[in-house]
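The sequence shown begins at 91 in the working numbering and counts up by one. A virtual CB, placed ideally from N, CA and C, is assigned to each residue, including glycine.
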Amino acid sequence: MDFLDDILPRSYYFLFTANEFFKASTYTGHTNMALQTDLLGDWERSHHCGELTSSAIEKKVLLMGWVAKRRDHGGVIFIDLRDRYGLTQLVFNPQHNAEAHRIADLLRSEFVIAAKGVVESRPEGMINNRLPTGEIEVNCDTIRILNASPTPPFTIEDTTDAGEEIRLRYRFLDLRRPQMQRNLHLRHKAYQVTRNCLDIENFIEIETPFLTKSTPEGARDYLVPSRVHEGKFFALPQSPQTYKQLLMVAGYDRYFQIVKCFRDEDLRADRQPEFTQIDIEMSFVNEDCVMKMAEELTRSLFLKLRDVELPTQFLRLTHAEAMDRFGSDKPDLRFDLELKHVKLAAAACEFKVFKGTLDNGGEVKGINAKSCNNLSRSQIDELIAFTQETGAKGLSWIKHTDNGLESSIVKFFPEVAQQHLINEMDSEPGDLLLFVADKPDIVAKSLGALRLEIAKRTKLIAKGNQWEPLWITEFPLLEEDEEENRMVAIHHPFTAPLESDIDLLTTEPLKAKARAYDLVLNGNEIAGGSIRISQQDLQRKVFELLSLSPEESQTKFGFLLDALEYGAPPHGGIAFGFDRLVALLAEEESIREVIAFPKTNKAVGLMENSPSDAEKKQLRELGISILN
Numbered sequence: 091m092d093f094l095d096d097i098l099p100r101s102y103y104f105l106f107t108a109n110e111f112f113k114a115s116t117y118t119g120h121t122n123m124a125l126q127t128d129l130l131g132d133w134e135r136s137h138h139c140g141e142l143t144s145s146a147i148e149k150k151v152l153l154m155g156w157v158a159k160r161r162d163h164g165g166v167i168f169i170d171l172r173d174r175y176g177l178t179q180l181v182f183n184p185q186h187n188a189e190a191h192r193i194a195d196l197l198r199s200e201f202v203i204a205a206k207g208v209v210e211s212r213p214e215g216m217i218n219n220r221l222p223t224g225e226i227e228v229n230c231d232t233i234r235i236l237n238a239s240p241t242p243p244f245t246i247e248d249t250t251d252a253g254e255e256i257r258l259r260y261r262f263l264d265l266r267r268p269q270m271q272r273n274l275h276l277r278h279k280a281y282q283v284t285r286n287c288l289d290i291e292n293f294i295e296i297e298t299p300f301l302t303k304s305t306p307e308g309a310r311d312y313l314v315p316s317r318v319h320e321g322k323f324f325a326l327p328q329s330p331q332t333y334k335q336l337l338m339v340a341g342y343d344r345y346f347q348i349v350k351c352f353r354d355e356d357l358r359a360d361r362q363p364e365f366t367q368i369d370i371e372m373s374f375v376n377e378d379c380v381m382k383m384a385e386e387l388t389r390s391l392f393l394k395l396r397d398v399e400l401p402t403q404f405l406r407l408t409h410a411e412a413m414d415r416f417g418s419d420k421p422d423l424r425f426d427l428e429l430k431h432v433k434l435a436a437a438a439c440e441f442k443v444f445k446g447t448l449d450n451g452g453e454v455k456g457i458n459a460k461s462c463n464n465l466s467r468s469q470i471d472e473l474i475a476f477t478q479e480t481g482a483k484g485l486s487w488i489k490h491t492d493n494g495l496e497s498s499i500v501k502f503f504p505e506v507a508q509q510h511l512i513n514e515m516d517s518e519p520g521d522l523l524l525f526v527a528d529k530p531d532i533v534a535k536s537l538g539a540l541r542l543e544i545a546k547r548t549k550l551i552a553k554g555n556q557w558e559p560l561w562i563t564e565f566p567l568l569e570e571d572e573e574e575n576r577m578v579a580i581h582h583p584f585t586a587p588l589e590s591d592i593d594l595l596t597t598e599p600l601k602a603k604a605r606a607y608d609l610v611l612n613g614n615e616i617a618g619g620s621i622r623i624s625q626q627d628l629q630r631k632v633f634e635l636l637s638l639s640p641e642e643s644q645t646k647f648g649f650l651l652d653a654l655e656y657g658a659p660p661h662g663g664i665a666f667g668f669d670r671l672v673a674l675l676a677e678e679e680s681i682r683e684v685i686a687f688p689k690t691n692k693a694v695g696l697m698e699n700s701p702s703d704a705e706k707k708q709l710r711e712l713g714i715s716i717l718n
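Have a look at this one:
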């Protein structure tokens, strides 16, 4: 008997109403029988499910976990017992122990149980080679039902039948699925690899505040009202940017932090209102130093977690070159389909769309979809519609056949223009040539998106381990915000311009390039960073270009400006999108698959129903009133 028997009954009785999932009598299959559950008592787990192999045969073991499956074969009950380590098959034979068999008959999916028994070899022909424990089973003589469960709303398997919404609503069940457990274990290992790698390189992990000053530049802040200082607000950090720069001023020349960040912005598959990043800053460095360190960390993660060897040195493209060749600042290099200039052919043709665009200062570029001239007219129309959705006015097309170029617009291309077109597009029979004529930014955006769409439709990206990392460098420092009628920083206002472009800040600031760099992997930006401004006068100049008055600069960033006055070293850093990186390592399309409790794409927590209303008492204490 358990030591609590003189205080509590050994068994609890769970009776489920009609408004709940089931009635006990129906659920158990036994008339007038209530389900008994046991206390754990002094039982201690001896092994994990997934640990036992043939070397454990004849050992007496005590396993605990969840019932994954229950099967009744000729009166013998088989239970697949699951924990986060794997599955083990339990056997309950009435000839071996009638009482254990009687209790096992009550079991259903997701019951929590503990069972004692002896490890035995599976009978010949019953070995499951797909499981590490597939050679053995546990012949049980004692069992305790630790907790019951109604029928889950979806199958607790990798191939679950549930959509994402119901999975997120019952996330505590979804997290039991082996795939989710593998993903979170991978995330855990990524933490360890990161910390070990950076520790070896003399980085020090330092925590920075979560309650900080609102300095809105870029995304909107999440504000936190102060009860002590009524009417004032903290902000949750979009990143530890200013704090890590202050740490450089303080002499901590190699800092890192795996940190939560918060941005109140529209969501996508690769965005969350709260996300995790590997935040890194270094002193007395240039771009090469930071990029080499980031390459080493990335190589370590892929080697140790995926057994993938990335190149010893990653490809580098300037922002201008990436936009020109791929129409994107995060190009996927696992396939070709580069954008081609059509200058000579456009100038020599009589096609008004091309000629008119050139005359108005636009450009004409195209994509050679190799071996795709067999696409039907309806398929081409779908590509035209897709391109228009990205902002282009239209999409022109020409098929290169054995008889030459064929299209309704070929008649506007004399022979010399056709030859220019073939040469400029590197075309041969079997190819489909696709063109956009518009302003340069629209051409890049539409053809960049079309490039990815063609690759997806024609399955140009091979399955398996194919990884193409590259750096994008020399971004524009500033851009014009037409809505606000002012210049804004492409990255953030603390990014330094190229040393050769500093004078442009006075004469032509929009032409200045930034000492910024993004790390891109398979078309995904996984990290971004820059060399920072370390001189106070240069930082004030950039603030001025961003239309911040001296008073505004002091109010928002006075603490940083003060620090730069006291011997700030040259410094720079980078931040990895940790969720996105783990999703790539796990080969998941959405970062929600590698986060334990994510929000939906509407920033809602379906499981706990957040955000929620605050009580009136709380609002009064904070001096907040809700305007309807």
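Which residues share a DSSP beta bridge with Q179? Translated into the one-based positions of the sequence shown, residue 179 becomes position 89. Partner(s): D170.
My understanding is that I169 touches A194, with C-beta atoms under 8 Å, so please give their C-beta distance in whole angstroms. Walking along the sequence shown from the start, residue 169 turns up at place 79. Walking along the sequence shown from the start, residue 194 turns up at place 104. Right, the Cβ-Cβ distance comes to about 7 Å (below 8 Å), so this counts as a contact.
Please determine, among I616, D162, P242, H138, the residue with the shortest C-alpha to C-alpha distance to D369. For the purposes of this step, residue 369 is identified with residue 279 of the sequence shown, where counting begins at 1. Of the candidates I616, D162, P242, H138, the one whose C-alpha sits nearest the C-alpha of D369 is I616.
Same chain, Cβ closer than 6 Å to L448, neighbours up to 5 away in sequence not counted: As a first step, residue 448 must be located in the sequence shown, where it is residue number 358. Only A436 meet the Cβ criterion.
Closer than 8 Å is the cut-off here; do at least three beta carbon pairs connect the stretch 330-350 with the stretch 370-381? yes
For H431, which residues does DSSP report across the bridge? Residue mapping note: residue 431 aligns to position 341 of the sequence shown, counting from 1. Answer is K455.
Which residues does DSSP pair with K150 in a beta bridge? The sequence position of residue 150 within the sequence shown is 60, counting from 1. Paired residue(s): V208.
Candidates V443, C379, I296, of which the one nearest R605 by Cα: Position 515 of the sequence shown, counted from the first residue, corresponds to residue 605. Minimum Cα distance to R605 is reached at C379.
Expressed to the nearest angstrom, what Euclidean distance is found between the alpha-carbon atoms of E247 and P268? Translated into the one-based positions of the sequence shown, residue 247 becomes position 157. Translated into the one-based positions of the sequence shown, residue 268 becomes position 178. Taking the straight line joining both Cα atoms gives about 7 Å.
On the premise that N614 lies in contact with L540, defined as a C-beta separation below 8 Å, what is that separation, rounded to the nearest angstrom? Reading the sequence shown from its first residue, position 450 is the one you call residue 540. Reading the sequence shown from its first residue, position 524 is the one you call residue 614. About 19 Å separates the two Cβ atoms, so there is no contact after all.
Among residues of its own chain, excluding the 5 on either side of T116, which ones have a beta-carbon nearer than 7 Å to its beta-carbon? By 1-based counting over the sequence shown, the position of residue 116 is 26. For T116, the predicted model reports a pLDDT of 36, less than 50, meaning its position is unreliable; a value from the coordinates is still stated below. Counting only Cβ-Cβ distances below 7 Å, and skipping sequence neighbours, we find nothing.
Under 8 Å, with one C-beta from each stretch per pair, do the stretch 595-609 and the stretch 626-636 reach the 3-pair mark? yes
Candidates V208, G321, Q347, A552: which alpha carbon is nearest S329's? As a working note, residue 329 is residue 239 in the sequence shown. Nearest option by C-alpha distance: Q347.
Could you compute how far the alpha carbon of H120 sits from the alpha carbon of V684? Walking along the sequence shown from the start, residue 120 turns up at place 30. Walking along the sequence shown from the start, residue 684 turns up at place 594. Note that H120 scores a pLDDT of 37, beneath 50, so its modelled location is shaky; the value from the coordinates is reported in the next line. So the alpha carbons of these two residues sit roughly 42 Å apart.
Secondary structure of M270, DSSP reduced to three states: Working through the sequence shown from its first residue, we reach residue 270 at position 180. Correct three-state label for M270: helix.
Spell out the partners DSSP gives F365 in its beta bridges. Position 275 of the sequence shown holds residue 365. Answer is C351, bridged to F365.
Tell me whether D652 sits in a helix, a strand or coil according to DSSP, three-state version. Numbered from its first residue, the sequence shown carries residue 652 at position 562. It is helical.
4-residue-minimum alpha helix (DSSP H) runs that sit fully inside the stretch 453-539, ordered along the chain: 467-479, 505-514
Which of the three DSSP states, helix, strand or coil, is assigned to N612? Taking the sequence shown and counting its residues from 1, one reaches residue 612 at position 522. Three-state DSSP puts N612 in coil, outside helix and strand.
Sheet register partners of K442 (DSSP bridge): Taking the sequence shown and counting its residues from 1, the one referred to as residue 442 is at position 352. None, per the DSSP bridge assignment.
Three-state secondary structure (DSSP) at L588? Taking the sequence shown and counting its residues from 1, the one referred to as residue 588 is at position 498. Note: L588 maps to coil in three-state DSSP.
How about G176 and T250: are their beta carbons less than 9 Å apart? Locating residue 176 in the sequence shown gives position 86, counting from the first residue. Locating residue 250 in the sequence shown gives position 160, counting from the first residue. Result no, Cβ atoms of G176 and T250 do not sit closer than 9 Å.
Relative to the alpha-carbon of K529, which residue among G538, N450, E570 has its alpha-carbon at the smallest distance? The residue labelled residue 529 in the question sits at position 439 within the sequence shown. Nearest of G538, N450, E570 to K529, Cα basis: N450.
Between the Cα of K303 and those of C287, D289, F323, T284, spot the shortest distance and give me the residue it belongs to. The count along the sequence shown starts at 1 and reaches residue 303 at position 213. That would be F323, whose Cα lies nearest to the Cα of K303.
Three-state class that DSSP yields for D669 in the structure shown: Along the sequence shown, one-based indexing puts residue 669 at 579. Three-state result, D669: helix.
Kindly indicate which three-state DSSP category T223 falls into: helix, strand or coil? As a position in the sequence shown, residue 223 is number 133, starting the count at 1. T223: coil per DSSP, three-state reduction.
Whole-angstrom C-beta distance between T127 and L236, which should lie under 8 Å: Residue mapping note: residue 236 aligns to position 146 of the sequence shown, counting from 1. Residue mapping note: residue 127 aligns to position 37 of the sequence shown, counting from 1. At roughly 6 Å, the Cβ-Cβ gap stays under 8 Å, so L236 and T127 are in contact.
Using three-state DSSP, classify T127 as helix, strand or coil. As a position in the sequence shown, residue 127 is number 37, starting the count at 1. In this structure, T127 counts as strand in the three-state DSSP scheme.
Using CA atoms only, rank isn't needed, just tell me which of S461, I562, E641 is closest to E518. Within the sequence shown, residue 518 is the residue found at index 428, counting from 1. Nearest option by C-alpha distance: S461.
Relative to the C-alpha of E514, which residue among E705, L130, L434 is closest? To locate residue 514, count along the sequence shown from 1; it is residue 424. It is L434.
Using beta-carbon positions only, say whether E377 and G662 come within less than 9 Å of one another. Start at 1 with the first residue of the sequence shown, and residue 377 comes out as number 287. Start at 1 with the first residue of the sequence shown, and residue 662 comes out as number 572. Their beta carbons are under 9 Å apart, which means E377 touches G662 by this criterion.
Is DSSP giving L545 helix, strand or coil here? Within the sequence shown, residue 545 is the residue found at index 455, counting from 1. At residue 545 the sequence reads Ala, which differs from the Leu that was named. Looking at A545 - three-state DSSP - the assignment turns out to be helix.
One question on the structure: do A41 and L265 come within less than 9 Å of each other, judged by their Cβ atoms? Outside the displayed range of the chain (91 to 718) lies residue 41, so it cannot be described from this structure.
Quick one, which of H409, E711, R361, A412 has its alpha-carbon nearest G667's? What you label residue 667 is simply residue 577 of the sequence shown in a count that begins at 1. Considering only alpha carbons, the answer is R361.
DSSP beta-bridge partners for K159? Position 69 of the sequence shown holds residue 159. The partner list for K159 (beta bridge, DSSP) reads D170.
Would S144 be called buried (16 or more neighbouring beta carbons within 10 Å of its own) or exposed? Position 54 of the sequence shown holds residue 144. S144 should be labelled exposed.
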